[in-house]
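One structure below.
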Amino acid sequence: KNEHRSRGMKKMNGEKRKRTAMDKIRHQCESVQKIQMNTYSTSMEIVDAMIKKLEKAKRKLGKSDVHMICGRLCQNILNDKPHKKLSHEFKELYGSVQQLGKTIDKNLARTEDAFANVSESKKKMLHNEEIMRVLKHHLLRRGSFEVVEKLEKEYKLKNDIPSQTFKVFEKLHQCCQALENRDVGPALAWAEETEKMAKKCEGSQENRILQMRQRKNLRDLRFNLLRLRYLQLVKKSCMDYSETEGNDGKPRSSQTSSSDCTCEDGTIPIEFARKNFTEFSEGRQKDIERMLGALLFIRDPLRSPYRDLYSESVWKEIRVNFEATFCRAHGFSGLDPLMQSFRASEIALPKRAKYAAILRSGNGLLEKKDIAPPEVDLGKNMQFHSTFVCPISKEQSTSKNPPILLWCGHVISQEAMMKITRTRRSNHVKCPTCPVETAISSTKKISI
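In terms of my numbering, the numbers along the sequence shown are unbroken and rise by one, the last being 506.
As structure tokens, this is what we get:
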């Protein structure tokens with residue numbers, strides 16, 4: 059029993075240690091956010107109550123003694139003590155903000171010290187102008203246009219973002235705001251217009267592949283937006299059906315208009331599907347069948363086998379998909395570069411900090427100081443393009459050092475191939491994986 063308890067305690071302690079520093083900071087940020095919202099609502103209630111009292115006293119000024127009304131008003135305000143209530147609310151908020159600062163200092167101090175010995179020459183630091191440009195683009199994607207203007211004004215930054223870029227992100231913000239309000243009209247109109255323009259454009263052979271991919275993404279986005287509109291019509295038909303029918307399944311009134319019958323039959327969603335989903339019948343047959351099957355459960359769609367179609371997460375996914383497609387169509391990254399950098403650092407920095415601590419400890423595990431750091435797997439979501447790492451030099455290929463295909467089918471980097479030929483003083487390369495030799499003229503450059 060004691061051994062079992064000790065194992066359980068060790069397991070619990072191990073699980074607690076697994077919580078990263080970012081998790082603790084995120085938890086404290088959420089706590090500050092909740093307290094801030096509560097403070098704001100309580101403060102507004104106190105201020106609104108004071109305003110109502112002042113307005114009430116103002117209306118009585120012409121009817122009775124002014125000194126008496128002002129005296130009663132002052133006495134009521136002193137009895138309520140609104141200043142003390144506000145001070146108490148902001149005191150709690152100030153304490154939570156202080157606690158957040160302590161949490162950041164406590165959990166990020168180790169990570170900061172871990173990279174203290176890194177030489178300045180190895181640091182790939184960005185200039186302030188580049189950082190500000192990335193920050194401004196991030197704020198524009200979020201729709202914070204006033205913040206960008208104030209940032210440029212207060213820090214005296216160059217207005218290096220064209221006015222056309224502001225208009226593009228304003229359009230993006232309007233469409234995303236409409237999707238949050240459950241209105242697919244602006245986003246659907248943009249998708250249809252952009253898809254028509256993409257069909258008219260013609261370019262080189264390389265650009266055609268990108269244009270085909272863009273048209274496919276726009277087509278998928280338009281289908282998803284039409285599906286949301288269709289499900290809205292089905293849900294509206296369900297609400298109209300419940301209004302015209304009682305709990306016992308009988309009509310509430312004998313006089314039923316033709317429009318109510320149309321909603322009961324679900325003909326409006328069917329007509330919408332016939333008009334808009336015919337062109338998607340080849341590749342989206344199963345999705346269309348599921349949407350039409352939802353009409354069979356029009357009385358209670360949330361208890362039907364198709365209830366996942368009405369989930370709120372569907373709206374969030376399509377909104378994210380719309381933002382990515384919109385940005386790619388205008389030449390920007392589909393995902394926010396700043397947020398992706400934060401997510402990557404959240405995964406990689408703790409592991410790199412642990413590796414740097416092992417190097418500094420001098421336990422003999424890693425004696426070489428210039429050894430390359432181990433690769434950190436960021437997950438499939440962080441893989442945006444194909445890469446190649448040479449099995450000889452362990453370096454990632456670049457445009458100046460491309461991968462080379464040998465006659466045997468194995469691939470090495472160009473620099474590794476040149477080193478092998480210089481060492482052997484011949485025009486043949488012996489594959490490091492198998493004993494097959496390849497002439498340099500028979501090798502092929504691989505483009506990624």
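For every residue, glycine included, the Cβ atom is placed at its ideal position computed from N, Cα and C.
Nothing here was measured: the structure is a model prediction, and the numbers come from that model.
Boundaries of the beta strand (DSSP E) in which residue i is found, first to last residue
{"i": "Pro325", "result": "At residue 325 the sequence reads Thr, which differs from the Pro that was named. Looking at the DSSP string, Thr325 is not in any beta strand (DSSP E); the run it does join, the alpha helix (DSSP H), is 325-334."}
{"i": "Lys229", "result": "Careful: Lys229 lies outside any beta strand (DSSP E), inside the alpha helix (DSSP H) at 221-238."}
{"i": "Leu463", "result": "461-463"}
{"i": "His468", "result": "Where His468 is concerned, there is no enclosing beta strand (DSSP E), given that its DSSP letter is neither H nor E."}
Under the three-state DSSP convention, the category residue i falls into
{"i": "Ser295", "result": "helix"}
{"i": "Ser101", "result": "helix"}
{"i": "Lys139", "result": "coil"}
{"i": "Lys452", "result": "coil"}
{"i": "Glu340", "result": "coil"}
{"i": "Thr496", "result": "strand"}
{"i": "His486", "result": "strand"}
{"i": "Val447", "result": "strand"}
{"i": "Lys458", "result": "coil"}
{"i": "Lys149", "result": "helix"}
{"i": "Lys502", "result": "strand"}
{"i": "Cys259", "result": "coil"}
{"i": "Gly201", "result": "coil"}
{"i": "Arg348", "result": "helix"}
{"i": "Ile356", "result": "coil"}
{"i": "Gln94", "result": "helix"}
{"i": "Asp171", "result": "Only weak support exists for where Asp171 lies, its pLDDT of 49 falling under 50; the value from the coordinates is given anyway. Correct three-state label for Asp171: helix."}
{"i": "Thr314", "result": "Low per-residue confidence applies at Thr314: pLDDT is 40, beneath 50, and the placement is therefore not dependable enough to give any value."}
{"i": "Phe390", "result": "coil"}
{"i": "Tyr364", "result": "coil"}
{"i": "Val242", "result": "coil"}
{"i": "Leu131", "result": "helix"}
{"i": "Tyr213", "result": "coil"}
{"i": "Thr252", "result": "helix"}
{"i": "Leu268", "result": "helix"}
{"i": "Ser154", "result": "helix"}
Cβ pair residue i, residue j closer than 8 Å
{"i": "Ala497", "j": "Asn485", "result": "yes"}
{"i": "Val378", "j": "Arg410", "result": "no"}
{"i": "Leu289", "j": "Ile326", "result": "no"}
{"i": "Ile462", "j": "Pro490", "result": "no"}
{"i": "Gln272", "j": "Ala382", "result": "no"}
{"i": "Ile83", "j": "Met108", "result": "no"}
{"i": "Cys245", "j": "Phe355", "result": "The question names Cys, yet the displayed sequence has Ala at residue 245. No, they are not a contact pair."}
{"i": "Leu158", "j": "Gln86", "result": "yes"}
{"i": "Val447", "j": "Gln441", "result": "no"}
{"i": "Asn282", "j": "Ile376", "result": "yes"}
{"i": "Lys293", "j": "Tyr364", "result": "no"}
{"i": "Lys488", "j": "Glu495", "result": "yes"}
{"i": "Phe384", "j": "Leu230", "result": "yes"}
{"i": "Val90", "j": "Val155", "result": "yes"}
Neighbour-count burial assignment, residue i, 16 or more Cβ in a 10 Å radius
{"i": "Asn186", "result": "exposed"}
{"i": "Ala247", "result": "exposed"}
{"i": "Arg285", "result": "buried"}
{"i": "Glu150", "result": "exposed"}
{"i": "Met349", "result": "buried"}
{"i": "Thr445", "result": "exposed"}
{"i": "Cys296", "result": "buried"}
{"i": "Arg280", "result": "buried"}
{"i": "Lys194", "result": "buried"}
{"i": "Arg310", "result": "Bear in mind that the predicted position of Arg310 carries a pLDDT of just 48, short of 50, making it too unreliable to give a figure here."}
{"i": "Asn239", "result": "exposed"}
{"i": "Ile504", "result": "exposed"}
{"i": "Leu353", "result": "buried"}
{"i": "Leu360", "result": "exposed"}
{"i": "Asp394", "result": "buried"}
{"i": "Asn275", "result": "buried"}
{"i": "Phe227", "result": "buried"}
{"i": "Leu407", "result": "buried"}
Enclosing alpha helix (DSSP H) for residue i [first to last residue]
{"i": "Leu436", "result": "Per DSSP, Leu436 belongs to no alpha helix (DSSP H) and is neither H nor E."}
{"i": "Ile416", "result": "395-419"}
{"i": "Phe380", "result": "370-387"}
Heavy atom of the ligand SAH within 7 Å of residue i beta-carbon
{"i": "Lys477", "result": "Absence of the ligand SAH from the depicted structure is noted, as is the absence of any ligand whatsoever, leaving it without description."}
For the 8 Å Cβ check, are there 3 or more pairs between the stretch 331-345 and the stretch 187-202?
no
The stretch 205-213 in contact with the stretch 232-240 per 3-pair CB rule at 8 Å
no
Just checking, does the stretch 145-160 make contact with the stretch 87-96 on the three C-beta pairs under 8 Å criterion?
yes
May I ask you to verify whether the stretch 98-117 touches the stretch 136-146, counting CB pairs closer than 8 Å and requiring at least 3?
yes
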